[in-house]
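Below is one structure, written out as structure tokens; the observations come after it.
In our numbering, the protein residues as written are 3 to 534.
Okay, here's the thing in structure tokens:
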């Protein structure tokens, strides 16, 4: 599957990266919802549920033998179910229970349903106590059986009285003999039925005492909450990823800027390191990255040597000053003489990165307060490569008949011009003729001139410097630069006539799932300490 941006093939890691990068959101949502659900339901009053079944029927053979009208004793199960849960029935049941309750509460705890218009009635009871729930269901069933038997007897008694009144009111005539005989037979049948009940109401099975509550079920609910929260949290992570415009991968930076990739810098706890006696050094994890950057910058313009390099970024905090500092060390270890100019007059940081301090700097030169020689600081560089190159050059000179001495040019460090004091109008100062003349002068003294300039989207200071640079490097920091910001930064620099954009440097890349790295198993031969 390809993406619309650059038609890149997505790996499995690309699909799961939104969740991995926001793992703390997923963990927090799942933990809060799961624990909260368990605590909430665990604190609820438990509800136990149990039920019993009643079977009611009429024996047809008995009805036929006694000649009792079938409709007299027929039970309407639907009405019976309604009567079971009525307030009247509840009041009759309350005194028979072993615990205290009210008729209203009891009615709310009872349900009675007829099973598909059959002769079965299911009585269901719910209580906060398991034994009370079973007792309630069984008492209601027994109460129904007793009331059903009493009701049948009352109906037969009334029917018998009715028959007696009819036969007493019938005149004794020969014409009424048949009717009197029929009434007499009905009276005998009713008397017989009082001795032989016609109805059969049976409790099929007693309501058992429930072992577990119907609710709450904190463990079960917590499991459901966990699954639901996990799905919601994952969806939230992908939703945030969809609307997050920050650069989170190297490919995002390449798509946003549309420029060649010069180097990828890994995340480092101590990016600016120092060696013996405060000499400037590059952190071990950065060494190969900056060597690659130096090579890519040089190969990017073979027809015109790159001698003046401008390092900038879209917004503050992307690491442009650190890139300028370490790139200078990379050029110096390659045997090139290097001068670094801190042209970020608004928020200078090269003094901290190089471990030096001075009130004099670029602003002092441009205002005429100090000469270049009074401002430039020679910063020692801690790298064995410079000494090795110097020895090679000396040996070569001896071979061809030269002096074979290691000159000061080969052994000196990096020339550094700090920003100096604040100026009222930095943009005008950097665009002045004095700045151009100073850069020309510095170019005569060094092989490579590296300029640290302010971010292009924050202020316009870098635009005047980009015009005369042989190469402009943009630094993009993972998780800080936005795709829109990167595109605007490139567009802003492209408005500068004859600007030469060398490419981008992706900074602060996590090692998680990264394909980029420079650890080939070689030791750099030195352990560096952190910058103070």
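Backbone N, C-alpha and C define an ideal beta-carbon position, used for all residues, glycine too. Here the structure is a predicted model, which means the values were calculated and not measured.
For residue j and residue i, the rounded distance between their alpha carbons
i: residue 130; j: residue 47; result: 7 Å
i: residue 100; j: residue 134; result: 8 Å
i: residue 252; j: residue 236; result: 23 Å
i: residue 1; j: residue 471; result: The displayed coordinates of the chain run from 3 to 534. Any statement about residue 1 would go beyond what the structure contains.
i: residue 274; j: residue 227; result: 47 Å
i: residue 14; j: residue 20; result: 11 Å
i: residue 489; j: residue 225; result: 46 Å
i: residue 293; j: residue 17; result: 32 Å
i: residue 104; j: residue 120; result: 31 Å
i: residue 378; j: residue 446; result: 14 Å
i: residue 469; j: residue 239; result: 43 Å
i: residue 37; j: residue 503; result: 54 Å
i: residue 214; j: residue 125; result: 19 Å
i: residue 22; j: residue 322; result: 28 Å
i: residue 346; j: residue 463; result: 8 Å
i: residue 269; j: residue 288; result: 9 Å
i: residue 40; j: residue 98; result: 37 Å
i: residue 234; j: residue 110; result: 37 Å
i: residue 200; j: residue 151; result: With a pLDDT of 49 at residue 200, under the threshold of 50, the modelled position of this residue cannot be trusted, and the question is left open.
i: residue 179; j: residue 185; result: 10 Å
i: residue 168; j: residue 191; result: 15 Å
i: residue 58; j: residue 187; result: 28 Å
i: residue 212; j: residue 118; result: 25 Å
i: residue 412; j: residue 30; result: Any reading at residue 412 must be qualified, since the residue scores a pLDDT of 45, below 50, and its modelled position is unreliable; the value itself is stated next. Those two C-alpha atoms are separated by around 57 Å.
i: residue 90; j: residue 145; result: 12 Å
i: residue 207; j: residue 81; result: 22 Å
i: residue 27; j: residue 512; result: 19 Å
i: residue 493; j: residue 42; result: 55 Å
i: residue 316; j: residue 329; result: 19 Å
i: residue 107; j: residue 161; result: 38 Å
i: residue 443; j: residue 423; result: 21 Å
i: residue 290; j: residue 301; result: 16 Å
i: residue 216; j: residue 254; result: 53 Å
Proximity below 7 Å, CB of residue i to CB of residue j
i: residue 450; j: residue 338; result: yes
i: residue 242; j: residue 505; result: no
i: residue 147; j: residue 83; result: no
i: residue 428; j: residue 348; result: yes
i: residue 114; j: residue 86; result: yes
i: residue 433; j: residue 459; result: no
i: residue 139; j: residue 94; result: no
i: residue 383; j: residue 331; result: yes
i: residue 189; j: residue 165; result: yes
i: residue 320; j: residue 219; result: no
i: residue 340; j: residue 430; result: no
i: residue 318; j: residue 457; result: yes
i: residue 381; j: residue 282; result: yes
i: residue 508; j: residue 266; result: yes
i: residue 333; j: residue 372; result: no
i: residue 32; j: residue 232; result: yes
Residues bridged to residue i (per DSSP)
i: residue 418; result: 342 and 379
i: residue 205; result: 56
i: residue 473; result: 311
i: residue 51; result: 128
i: residue 479; result: 509
i: residue 451; result: 310 and 341
i: residue 112; result: 127
i: residue 251; result: None, per the DSSP bridge assignment.
i: residue 268; result: 511
i: residue 217; result: 49
i: residue 484; result: 248
i: residue 292; result: Per DSSP, none; premise fails for residue 292.
i: residue 122; result: 57
i: residue 465; result: Residue 465 is not bridged to any residue.
i: residue 263; result: 506
Chain B contact for residue i (CB, 7 Å cutoff)
i: residue 290; result: Note that chain B does not occur in the displayed structure, where there is just one protein chain.
Residue i: CB within 6 Å of a non-hydrogen atom of the ligand SAM
i: residue 187; result: Because no ligand of any kind appears in the structure shown, any question about the ligand SAM cannot be addressed here.
For the 8 Å Cβ check, are there 3 or more pairs between the stretch 246–256 and the stretch 161–181? no
Tell me the start and end of each unbroken beta strand (DSSP E) in the stretch 296–333 that is at least 3 residues and wholly inside, in chain order. 310–315
The stretch 482–493 contacting the stretch 253–265, beta-carbon criterion three pairs below 8 Å: yes
With a threshold of 8 Å, are at least 3 pairs of Cβ atoms found where one atom belongs to the stretch 453–473 and the other to the stretch 301–311? Contact check between the stretch 453–473 and the stretch 301–311: three or more CB pairs, one atom from each, fall below 8 Å, which counts as touching.
Is the stretch 415–425 touching the stretch 357–365, taking contact as three or more C-beta pairs under 8 Å? yes
Indicate whether the contact test is met: 3 or more Cβ pairs, each with one atom in the stretch 133–148 and one in the stretch 38–53, closer than 8 Å. yes
Would you check if there are 3 or more beta carbon pairs closer than 8 Å linking the stretch 343–354 to the stretch 490–505? no
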